[in-house]
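In mature numbering (1 follows the signal peptide of the UniProt record, and there is no 0), the protein residues as written are -18 to -1, 1 to 858. The structure under discussion appears below in the form of structure tokens.
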Amino acid sequence: MAIGVLYYAVLLNSLVWSLHAPLTRNFDDNNGGTLHERTDLPAEYTTPDYYPTPSGGWVDEWVDAYEKAQKTVRNMTLAEKVNLTSGTGYLMGPCVGNTGSVLRFGIPNLCLQDGPLGIRNTENNTAFPAGITTGATWDKELMYARGVAIGEEARGKGINVQMGPVVGPLGRKPRSGRIWEGFGADPSLQGIAAAESIKGMQSTGVIATLKHYILNEQEMYRMTNVLQRGYSSDIDDRTLHELYLWPFAEGVRAGVGSIMASYNDVNGTLATQNSMLLNGLLKDELGFQGFVVSDWYAQFSGVGSALAGLDMTMPGDGSVPLLGDSFWNFELSRAILNGTVPVERLNDMVTRIVATWYKMGQDRDYPLPNFSTNTEDATGPLYPGALFSPSGVVNRFVDVQADHNIVARSVARDAITLLKNTNNTLPLARDATLKIFGTDAGPNSGGLNSCSDQGCNNGVLTMGWGSGTSRLPYLITPQEAIADATSGAEFYITDTFPASVNITAEDIAIVFINADSGENYITVEGNPGDRTSANLYAWHNGDQLVQDAASRFNTVVVVVHSVGPIIMETWIDLPSVKAVLLAHLPGQEAGNSLADILFGDYSPSGHLTYTIPHNESEYPTSVGLIDQWTSQIQDTYSERIYIDYRHFLTANITPRYPFGYGLSYTSFEFSDAKLSAGTILTQYPPARVAKGPTPAYPTSLPPASEVAWPPDLDRIWRYLYPYLDDPTEATSTTPYPYPTGYTTRPHPVPRAGGSQGGNPALWDIIFTIDLTVTNTGQHSGRAVVQLYVELPLDTMGVDLPPRQLRQFEKTSILSPGEKESVSLSITRKDLSVWDVVTQDWLAPIGGQGVKFWIGESVASEDMRILCSVGEECQNI
């Protein structure tokens, strides 16, 4: 079983930790649970306490759902409430995560399933292009369409909560293992893509999960083990707001139903029990109305995590899976009865979950799971984690693919990024004589899906590895697609240049290379998730293969499939390397999407979502991987807001290829730009409106009998239940050691809040720029219009990069000579910086001194139009 790899990795990790530090009682030591050891936090990085958890239900868009939830929750027993907040245990159900049920009110065991590019560990589903590929399309309509398709497939499988999209990691560390799951190394790009994905997914009734919240920017040492506690991401308030929190705010504004708390510490406190992150920023300032779920085994305390704002724990086990232990479940029942967790907190936890269920319409004819993430067999144990489990039908093999291959192919094709095209080498003529090299052009030699969770690099790279993957229902390799497109191709599916290749002067070599990465529980070719062994170079001798081909052929085309930046310096300037295509991670339609571009059926229209440097030393040293085996890692974000292109611009470093870069087979002209004003920009947003009412419930303790074992219950061994052997013994008179700063007195509402995502005025349209895009070349194609904002340093009072992406639009396919009007809207937030003193978004009054740069990448040489407030726009 594919899931077995993760299980044994987690089990070994947990067992080793348990030997090192035997567990205290589940509800002791709430500041850190069982985690007592870490190095001192740097003095300038702090996380204030923020209690109690703000109740949900006060946002207009959620009122109806909360009213329904209130009526239901008001009549639930304590056992029923606890059932919905707590996972039933590892391998205790069909999905990767399963809650208990409340069948009396029609609420089934909720099914939570990976992942961001399609359904993990099932069949008859689509393996879509990865997030990094989707971002490279710069196409909002495709982002939405992919979200709809993923949602339709999840619903068709009976999944309640589909765990995606990903905006954390943001891409701070180029060698980080999971940057390919997100959309690119910029908060605006990530935020826009996530919002479109969420709206698409949730339009089908599926609950989307935005993850990983927050600052999980490296795979190694993210989780606690015997050698050290998981790393602490140490960050300042302004950087957190302007970069890493930004896309989460956009996702909340889009109405996302669930957010996953990550493994790591933030400023010394676990993300799953960090009251400022969950209560203060997410639920109060950003007005998040859904529920917060833990990453798997990221919870390390019971009371502490509940009070800090965690609403659902997954998969439900304690530190060691399958021992029948838990931080919540029966322990949460006990904590309610003895008063250590207020009844109000449990009621809010459950109400958030039930309201989200109602909000997505899952109370109306929503299917139950018809698949098993644990096995590919038709029948088997219903609860594989139990040694003695009832058996039955576990897989019905429901085909949910529909015509989603069209969306998958479109995303993969429109993401392909042309980096170099000397003498218009591309597109290729169909009668050209081609020699194709590299295993990345062919199939996995072990067979389709032969590597669990794609944990190998064999054949064409369609996605990275880990829980964010999906099984391929089929794979069109580049070898197959090229062979279908032309009879003039010879294939050498090897990563060593063969000695016996007959070459003529007219022959064109196409060399396929790749670079892989993934989640930390799998190590591939010495890379433990992050690219530690491979660094930023091509895998499998790829750089040498290109050089060898370049020494023999007059014309070489390089095709790169990669999880992120890849260094090309050993071959990019070789005279015979005429063209380079970056095809990212294309999913099941890898070959077809590439052939569409290679042979000119479509012009490439993808653009980079990260910077490609000449060498790794061009990055800030603080964004390198931290690999140490001593005390807790303090990963200090000393580069602050200056990651990726912000760093390159500020440091005046010209990279190999800039963020936003991408060539086409045609050319475009941007003209007739006009800047028009909308809402008048004040220094700070207008005052937020008061919060609306939230559901109210009786605060008295429920009867202990509500969590007594039902006499007719047929228990499943090791399944996690909410019941207590003797509920009457759950009461306690011993003073409880609450977390430092804990209070039941609500905080004053944050001035930056007011609705989902923050103060609604942040999204007032301040300026609009309208322009015309004309295809001035000889080939049909699509243009990407990118808008970057330059804020005035003299009035903002803080340091800033020269330009920051804030908006983009992609045209339709324009024929030669065809024009299209494009409109770009700029919001108040787009023109603001985070004021750490006032705790609000500060903007230049009236927009004075603001400049808008419009171009085809962030680089100065790719800018086409400059608009300044109070002046006419001008072509550059």
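The beta-carbon is built from N, C-alpha and C at its ideal position, and this holds for glycine as well. The structure displayed is predicted, hence computed values, not measured ones.
Nearest-angstrom Cα separation, counted from Ser244 out to Phe309: Translated into positions along the sequence shown, residue 309 becomes position 327. Translated into positions along the sequence shown, residue 244 becomes position 262. Their Cα atoms are separated by approximately 17 Å.
Reduced DSSP category for Met125 - H, G, I as helix; E, B as strand; rest coil: Numbered from 1 along the sequence shown, position 143 holds the residue referred to as residue 125. If DSSP states are grouped into helix, strand and coil, Met125 belongs with the helices.
Closest Cα partner of Tyr195 within the set Gly166, Ser276 and Ile335: Translated into the one-based positions of the sequence shown, residue 195 becomes position 213. When each option's Cα is compared against that of Tyr195, the closest is Ser276.
Status (buried if at least 16 other CB within 10 Å, exposed otherwise) for Asp42: Along the sequence shown, one-based indexing puts residue 42 at 60. Classification for Asp42: exposed.
Start-to-end residues for the beta strand (DSSP E) that takes in Gly829: In the sequence shown, the residue the question calls residue 829 occupies position 847. According to the DSSP assignment, Gly829 belongs to no beta strand (DSSP E), since it is labelled neither H nor E.
Beta-carbon proximity list for Thr407, same chain, < 7 Å, skipping 5 on both sides: If you number the sequence shown from 1, residue 407 lands on position 425. Counting only Cβ-Cβ distances below 7 Å, and skipping sequence neighbours, we find Thr537, Val539, Lys560 and Ala561.
Residue 864 versus Asp413: straight-line alpha-carbon distance, rounded: The first residue shown for the chain is -18 and the last is 858, placing residue 864 beyond what the model contains.
Within 7 Å, strictly: CB atoms of Tyr365 and Ser371: Numbered from its first residue, the sequence shown carries residue 365 at position 383. Numbered from its first residue, the sequence shown carries residue 371 at position 389. Less than 7 Å divides the Cβ of Tyr365 from the Cβ of Ser371.
Option nearest Leu769 by Cα separation, candidates Ala131, Pro732 and Val832: Taking the first residue of the sequence shown as position 1, residue 769 is located at position 787. The residue with the shortest Cα to Cα distance from Leu769 is Val832.
First through last residue of the alpha helix (DSSP H) which encompasses Gly362: The residue labelled residue 362 in the question sits at position 380 within the sequence shown. Per DSSP, Gly362 lies in no alpha helix (DSSP H) segment; the continuous beta strand (DSSP E) that holds it begins and ends at Thr361 to Pro363.
Cβ contact check for the segment 624 to 643 and the segment 723 to 730: 3 or more pairs under 8 Å: Counting C-beta pairs with one atom in each stretch, the segment 624 to 643 and the segment 723 to 730 have fewer than three that are closer than 8 Å, which means they do not touch.
Exposure of residue 872, with buried meaning 16 or more beta-carbon neighbours within 10 Å: There is simply no residue 872 to check, as the chain begins at -18 and stops at 858 in what is shown.
Where Glu853 falls: helix, strand or coil (DSSP): Position 871 of the sequence shown, counted from the start, is the residue given in the question as residue 853. Reduced to three states, the DSSP call for Glu853 is coil.
Residue range of the unbroken beta strand (DSSP E) whose run includes Glu462: Here residue 462 corresponds to residue number 480 of the sequence shown, with the count starting at 1. Segment Pro460 to Ala467 is the alpha helix (DSSP H) holding Glu462; no beta strand (DSSP E) there.
Contact under 7 Å by Cβ, Ser515 with Asp396: Position 533 of the sequence shown, counted from the start, is the residue given in the question as residue 515. Position 414 of the sequence shown, counted from the start, is the residue given in the question as residue 396. It is not a contact, given that the beta carbons lie outside the stated cut-off.
Sequence-distant residues of the same chain with beta carbon closer than 7 Å to Pro30, five excluded per side: One-based indexing of the sequence shown puts residue 30 at position 48. Excluding five sequence positions before and after Pro30, the CB atoms of its chain that fall closer than 7 Å to its own CB belong to Met258, given in chain order.
For Val506, three-class secondary structure by DSSP: As a position in the sequence shown, residue 506 is number 524, starting the count at 1. Residue state, collapsed to three classes: strand.
Sequence-distant residues of the same chain with beta carbon closer than 7 Å to Glu571, five excluded per side: If you number the sequence shown from 1, residue 571 lands on position 589. Taken in chain order, the residues that qualify are Asn387, Ala390, Arg391, Ala394 and Ile458.
Three or more C-beta pairs below 8 Å linking the segment 647 to 667 and the segment 731 to 750: Yes: at least three Cβ pairs fall under 8 Å.
Best match in Arg327, Asn80 and Gly88 for proximity to Ser354 [C-alpha to C-alpha]: Residue mapping note: residue 354 aligns to position 372 of the sequence shown, counting from 1. Measuring from the Cα of Ser354, the nearest candidate turns out to be Asn80.
Inter-residue Cα distance where the pair is Ile495 and Leu443: Indexing the sequence shown from 1 puts residue 495 at position 513. Indexing the sequence shown from 1 puts residue 443 at position 461. Pairing Ile495 with Leu443, the inter-Cα distance amounts to about 9 Å.
First and last residue of the uninterrupted alpha helix (DSSP H) at His386: Here the question's residue 386 lines up with position 404 in the sequence shown. From DSSP, the alpha helix (DSSP H) with His386 extends over His386 to Ala397.
Close Cβ partners of Asn107 (< 8 Å) along its chain, the five nearest in sequence each way excluded: On the sequence shown, position 125 is the one that residue 107 refers to. So the list reads Gly100, Ile101, Glu135, Lys139, Val382, Gln383, Ser452, Arg453 and Pro455, once near-sequence residues are dropped.
Inter-residue spacing [alpha-carbon to alpha-carbon] between Arg700 and Phe834: Against the sequence shown, residue 700 aligns to sequence position 718. Against the sequence shown, residue 834 aligns to sequence position 852. The straight-line gap from Cα to Cα measures roughly 60 Å.
Length of the line joining the Cα atoms of Phe749 and Val689: Residue numbering aside, residue 749 sits at position 767 when the sequence shown is read from its first letter. Residue numbering aside, residue 689 sits at position 707 when the sequence shown is read from its first letter. Rounded to the nearest whole angstrom, the CA to CA distance from Phe749 to Val689 is 58 Å.
DSSP state of Trp553 mapped onto helix, strand, coil: Start at 1 with the first residue of the sequence shown, and residue 553 comes out as number 571. Note: Trp553 maps to coil in three-state DSSP.
Continuous alpha helix (DSSP H) stretch holding Ile335: start and end: As a first step, residue 335 is located in the sequence shown; it is residue number 353 there, counting from the start. Annotation for Ile335: the continuous alpha helix (DSSP H) segment containing it runs Val325 to Lys341.
Assumed close pair Tyr718, Asn329 - CB separation to whole angstroms, cut-off 8 Å: For the purposes of this step, residue 718 is taken as residue 736 along the sequence shown, with counting starting at 1. For the purposes of this step, residue 329 is taken as residue 347 along the sequence shown, with counting starting at 1. Contact between Tyr718 and Asn329 does not hold, since their C-beta atoms are separated by about 19 Å, which reaches or exceeds 8 Å.
Own chain residues within Cβ distance below 6 Å of Pro732, not counting five before or after: Numbered from its first residue, the sequence shown carries residue 732 at position 750. Asp266 and Glu267, listed in sequence order.
Buried or exposed by the 16-neighbour rule on C-beta atoms within 10 Å, applied to Ala841: Translated into the one-based positions of the sequence shown, residue 841 becomes position 859. With 16 or more Cβ atoms within 10 Å of its Cβ, Ala841 is classed as buried.
Buried versus exposed call for Ser737 [16 or more other C-beta atoms within 10 Å across all chains shown]: The count along the sequence shown starts at 1 and reaches residue 737 at position 755. By the neighbour-count rule (16 or more Cβ atoms within 10 Å), Ser737 is buried.
Inter-residue Cα distance where the pair is Asn502 and Ser83: Within the sequence shown, numbered from 1, the residue matching residue 502 stands at position 520. Within the sequence shown, numbered from 1, the residue matching residue 83 stands at position 101. Asn502 and Ser83 have their C-alpha atoms some 32 Å from each other.
Whole-angstrom distance between His543 and Val528, CA atom to CA atom: By one-based count along the sequence shown, residue 528 stands at place 546. By one-based count along the sequence shown, residue 543 stands at place 561. Distance between the alpha carbons of Val528 and His543: 14 Å.
Own chain partners of Glu326 with C-beta closer than 8 Å, once the 5 adjacent residues on each side are dropped: The count along the sequence shown starts at 1 and reaches residue 326 at position 344. Shown here for Glu326: same chain residues with a beta carbon closer than 8 Å to its own, the five before and five after excluded, namely Pro34, Ser37, Tyr679 and Thr681 in chain order.
Distance CB(residue 859)-CB(Gly146) smaller than 7 Å: The structure shown does not extend to residue 859, since the chain is modelled only from -18 through 858, so no value can be given for it.
Per-residue DSSP class, three states only, for Ala743: By 1-based counting over the sequence shown, the position of residue 743 is 761. Correct three-state label for Ala743: helix.
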